[in-house]
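Chemist:
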Amino acid sequence: MSKQNMMMIKKLSKANLKADKVKNYFAGSIIALAAVLLTVVLTFGYNSFTNLQQDSDFQAIFNDVSETEIFQLKQVYEVDEVGLYLEVGREKQEERLLSILYTDQMMMDLSYARIDEGKFPTKPNEIVIERDYFSTTSQKPGIGDRIVVEFRNNASKEMQMNEFVISGLLHTTASGEGNRISYNALVSKAFVDADPHLSKEKYSAAIRILNAGSYANEELKSKIKDIGKQIGLSEQNIQINHMNVDTNNLSSDTILTIFCIIIIIALACWVVIYNIFYISIIKQIKQYGQLRALGATRKQIKKLVKYEGRYLSRKFIPAGVLLGCLISWAMNPSVWNLFPSIILALAAGLFTELTVRFSLNSPANFAAKISPIEAIRYVGAETYTFKKKEKKSSKRLTPFTLARMSLTRSRKKTTLTLLSLVISGALFISFATLLNSVDSIAKTRQYFPNNGKFIIQINNELYSETVNLSDLQSEDQLSGALKDSILSISGVENVVDRQYIEAAVNGANESADPVVVGIENISASNIESLRKRLVHGEILEPNSSNNSYILMNSSSGDFEFYDIRYQVGDRISLIIGDDQNKIEHEFEIIGDLADKNLGVLFYLPSGVMESITPFNPNQSYEVILTEDTNEQLVKDELQKLIQNKDTLKLNSFSDMAKSNKAAFRTITIVVYTFMIFLALFSVINLLNTVMTSINARKVELGIMQAIGMEYKQLSAMLGYEAGFFIVGSFVISLIIGNLIGYGLSESLGNVGGFSFIQYQFPWSPILIYLLVMLLIQAVVLKFMRILTAKKTVVERLR
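Here it is in structure tokens:
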């Protein structure tokens, strides 16, 4: 094609766009919107993943490794670096937790931790601590100052008090974050060696795999387990750093999710761009025929259409990409990486350009096939011939029948517009159904089964590699005396104790560490609930003292996790106790429950648990209040009761409910925002369809008015046409979206721990959706009236 011909095609394309401002604005808006969405998805996703990646630089932690195993680990070729650390203890205060550790320099590097001021501790009485730890206190010690720390020694399990000299100030990846409750401090190797208990403890080793990025997600996890086996480490002592592995080595599920989001955006863009240009070509079919009559080839017609798309892309994609970058930055400015974000923004722009080009292939081919004869015969609408001879109808023409005829004779245009509205509507309603089915209060009630307002429980934040539940229960801080004190508080109606212990299954998985399972008490408060879940055998009564039988929950996740199986009538031997006092007891399984939401594997009557456990088996107290009780006053009293009990913490129903609501609200806002952007594609498509349809049929509409059709009847006909798209898409979307949402809600609700997801018809979201659709119809009708009233009948007939 000569340069002169190309120049002529460009001039024709620009003149065409200038003349057809409706296509220009609508197509440009869709292209810009697609660029915005793709840019936000890619840049925000990348920056979020990068932020998670920078949390650590190791792929796994091997716990309880000996000096020999550490030496062997360093000899493994696939292991690039090994960092060592030991959990020394934890200081628990009312609003903050201090973890005290020993680490070597390599562990610091792998954790992206550093000492901002001062030096690494080397003497037994030196400590490095985070500056933020003192942010909420009046005490602001500096380097060289002395501080007293009272903490629970992880090795001896005893509380001890030490005076330290601050040798440096620690900076971690969490430094500077708001609402922190957990902080870190480092002691020296000399401190560990001088302690008679800590000096006997084994270290934990963090490993960085050589060329970790070259492995697939599951391949890397398998490699880590193989390295553990090489040095004789049991699988239970291998802790994969999922945060690092899953962000650096994306799993197939993550890739599929990202791919689906991009495809949905691209598909929405394709449908609308295709429809806009298809309608535009239909409207200008005579002009294309005239160009063919003047000698334009099919190839030149294709070039003409595609150049329009390229021109719009160059004009609107940069603006969309820029706006997308701005939105992505505003969502989380602290993690924004400029250079990678620019590269990804350019990639988003390129992908949008490719999507536009792909969308124009069919309309360009359609325009190229138009012959001069077909263009002359064209009367402004698609016509269809049928093999069967249509019967003549004597029915009176009405605005409704005329609207139906208009929609059916342009079936392709009607189908594409309706399809785009149905896709966005069905997605909106399906997600609205799922989100509406999530009950944050029901999720909170899982932790308060007796409708209590507070729970005082063993502080799980104190769990570590060397401190387990039984160690903390041995402190007997959830005592009968504490329960009496709680009952004496004004407004407290009852206190329900939950007993829960951990036991090792004797003889299971002998080649590895013991299989540790949970045992909960059968009490008057949960017996009826357990009876409803009994599927086989018998159930033990709460007051039973028979210690020969135990109740099982075969739907517990422990069965699958440990790959063990038992049936009613089987005998099982359990090892119960702490490090100082362990007993072995054999039980016969008397009955079986089946409930995935009950994570506990075994159940025993309260009296039996107390008789066979060498320590207090209480795990929590649920505090039930009388009506109209001031919860804040009770909370203050409970805080006073446990302020000197370092193994306990207080949870409030209202605080937990607020936290769950806030989490679900954030998810809801993100999902609905994405759906609103997708819906804009469909709305713009609808407006374009209606407006171009009126412009294309101006002669036809003029003839109708000339032969007696009133303006009111004309408005009614156009209203029926718009109503078909609005009402039709709403009904279809409601059916399809609700079915999808119901399936998602039921599927997730049957997963263990997700019983708080129960199908609820989303009345409020659907009502809002309906009102928005009706508002759109009102806007569309207003546009129609404006367009039809712009010119007189005579002007339209010219």
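According to the numbering used here, the stretch in the sequence shown is residues 982 to 1779, in order.
Just so it is clear, CB atoms sit at the ideal spot from N, CA and C, and this is done for glycine as well.
Alpha carbon to alpha carbon, how far is valine 1168 from aspartate 1176? Give it in angstroms, no decimals.
Modeler: Near 12 Å, if we compare the C-alpha coordinates of valine 1168 and aspartate 1176.
Chemist: How many whole angstroms separate the CB atoms of phenylalanine 1043 and leucine 1054, which I take to be in contact at a CB cut-off of 8 Å?
Modeler: Yes, phenylalanine 1043 and leucine 1054 are in contact; Cβ-Cβ is about 7 Å, under 8 Å.
Chemist: Which one or two residues does DSSP pair with leucine 1150 in a beta bridge?
Modeler: DSSP lists Glu1098, Ile1110 as partners of leucine 1150.
Chemist: Would you list the one or two residues that DSSP bridges to threonine 1084?
Modeler: Per DSSP, Tyr1066.
Chemist: Quick one, are the C-beta atoms of glycine 1709 and serine 1411 less than 8 Å apart?
Modeler: For glycine 1709 and serine 1411, no; Cβs fall outside 8 Å.
Chemist: Could you check what DSSP says for glutamine 1265 in three-state terms: helix, strand or coil?
Modeler: Correct three-state label for glutamine 1265: coil.
Chemist: Which one or two residues does DSSP pair with glutamine 1141 in a beta bridge?
Modeler: Paired residue(s): Phe1132.
Chemist: Just the C-alpha distance for phenylalanine 1320 and lysine 1693, rounded to the nearest angstrom, thanks.
Modeler: Between phenylalanine 1320 and lysine 1693, the C-alpha separation is close to 59 Å.
Chemist: With DSSP as the reference, please indicate the residues paired to glutamine 1563 in a beta bridge.
Modeler: The identity of residue 1563 in the sequence shown is lysine, whereas the question assumes glutamine. In DSSP, lysine 1563 forms a bridge with Gly1558.
Chemist: Taking the C-alpha atoms as reference points, what is the distance between glutamate 1371 and leucine 1383?
Modeler: Unreliable placement is indicated for glutamate 1371, whose pLDDT of 48 sits below 50; the coordinate value is still reported in the next sentence. Their Cα atoms are separated by approximately 17 Å.
Chemist: Just to confirm before moving on: does the CB-CB distance between serine 1387 and glutamate 1702 stay below 8 Å?
Modeler: Contact: yes.
Chemist: Assign alanine 1423 to one of two classes, buried (16 or more other C-beta atoms within 10 Å of its C-beta) or exposed (fewer than that).
Modeler: Result: exposed.
Chemist: Under the three-state reduction of DSSP, which class applies to methionine 1690: helix, strand or coil?
Modeler: Reduced to three states, the DSSP call for methionine 1690 is coil.
Chemist: Is there a Cβ from chain B that is less than 8 Å from the Cβ of proline 1523?
Modeler: Going by chain labels, chain B is absent from the structure shown, which holds only one protein chain.
Chemist: What span of residues does the alpha helix (DSSP H) with alanine 1345 cover, start to end?
Modeler: Where alanine 1345 is concerned, the enclosing alpha helix (DSSP H) stretches over 1319-1349.
Chemist: Assign tyrosine 1058 to one of two classes, buried (16 or more other C-beta atoms within 10 Å of its C-beta) or exposed (fewer than that).
Modeler: The residue is exposed, with fewer than 16 neighbouring Cβ atoms inside 10 Å.
Chemist: Which partner residues of leucine 1585 appear in the DSSP bridge assignment?
Modeler: Looking at the DSSP assignment, leucine 1585 forms a beta bridge with Asn1502.
Chemist: From the DSSP secondary-structure annotation, give me the bridge partner or partners of valine 1496.
Modeler: According to DSSP, valine 1496 bridges with Val1486.
Chemist: Using 10 angstroms around the beta-carbon of threonine 1103, count the other beta-carbons present and answer buried if the total reaches 16, otherwise exposed.
Modeler: Exposed, since its Cβ has fewer than 16 Cβ neighbours within 10 Å.
Chemist: Considering only residues of the same chain and omitting the five flanking positions on each side of lysine 1202, which have a CB-CB separation below 7 Å?
Modeler: Answer for lysine 1202: Ile1221, Val1226, listed in chain order.
Chemist: Per DSSP, what are the beta-bridge partners of aspartate 1617 in this structure?
Modeler: None, per the DSSP bridge assignment.
Chemist: Indicate whether lysine 1434 and leucine 1631 have their beta-carbon atoms separated by less than 8 Å.
Modeler: Contact flag unset, no.
Chemist: Pull up the distance between the alpha-carbon of isoleucine 1570 and that of tyrosine 1481, whole angstroms please.
Modeler: Rounded to whole angstroms, isoleucine 1570 to tyrosine 1481 spans 18 Å at the Cα level.
Chemist: For tyrosine 1365 and glutamate 1200, what's the separation of their Cα atoms in angstroms?
Modeler: Residue placement at tyrosine 1365 is poorly supported in this model, since its pLDDT is 41, which falls under 50; the coordinates are not used for a value here.
Chemist: Can you give me the start and stop residues for the alpha helix (DSSP H) that isoleucine 1282 sits inside?
Modeler: Taken as a continuous stretch (DSSP letters only), the alpha helix (DSSP H) holding isoleucine 1282 covers 1279-1312.
Chemist: Compute the distance between the beta-carbons of phenylalanine 1596 and serine 1455, then report whether it is under 8 Å.
Modeler: Yes.
Chemist: Pop quiz: isoleucine 1665 and phenylalanine 1007 are said to be a contact at Cβ under 8 Å. What is the actual Cβ separation, rounded to whole angstroms?
Modeler: The pair is a contact, with the Cβ atoms about 5 Å apart (cut-off 8 Å).
Chemist: Roughly how many whole angstroms lie between the Cα atoms of isoleucine 1500 and valine 1549?
Modeler: Computed Cα separation, rounded: 17 Å.
Chemist: So what's isoleucine 1570 in DSSP terms, helix, strand or just coil?
Modeler: The answer is strand: DSSP assigns isoleucine 1570 an E or B state.
Chemist: In angstroms with no decimal places, state the Cα-to-Cα distance between leucine 1307 and valine 1022.
Modeler: Spanning the two alpha carbons is a distance of roughly 12 Å.
Chemist: Could you say if the stretch 1011-1025 and the stretch 1320-1331 meet the contact criterion of at least three C-beta pairs nearer than 8 Å?
Modeler: Flag = yes, the stretch 1011-1025 and the stretch 1320-1331 touch.
Chemist: In this structure, how does DSSP classify isoleucine 1757 when only helix, strand and coil are distinguished?
Modeler: Of the three classes helix, strand and coil, the one that applies to isoleucine 1757 here is helix, per DSSP.
Chemist: In terms of DSSP beta bridges, what is isoleucine 1721 paired with?
Modeler: According to DSSP, isoleucine 1721 bridges with nothing at all.
Chemist: Just to confirm, are serine 1587 and serine 1640 a CB contact at a threshold of 8 Å?
Modeler: Not closer than 8 Å, so no.
Chemist: Pull up the distance between the alpha-carbon of asparagine 1143 and that of isoleucine 1162, whole angstroms please.
Modeler: So the two alpha carbons sit approximately 22 Å from each other.
Chemist: Looking at C-alpha atoms only, which residue of Phe1332, Pro1122, Ile1553 is the closest neighbour of valine 1146?
Modeler: The shortest C-alpha separation from valine 1146 is found at Pro1122.
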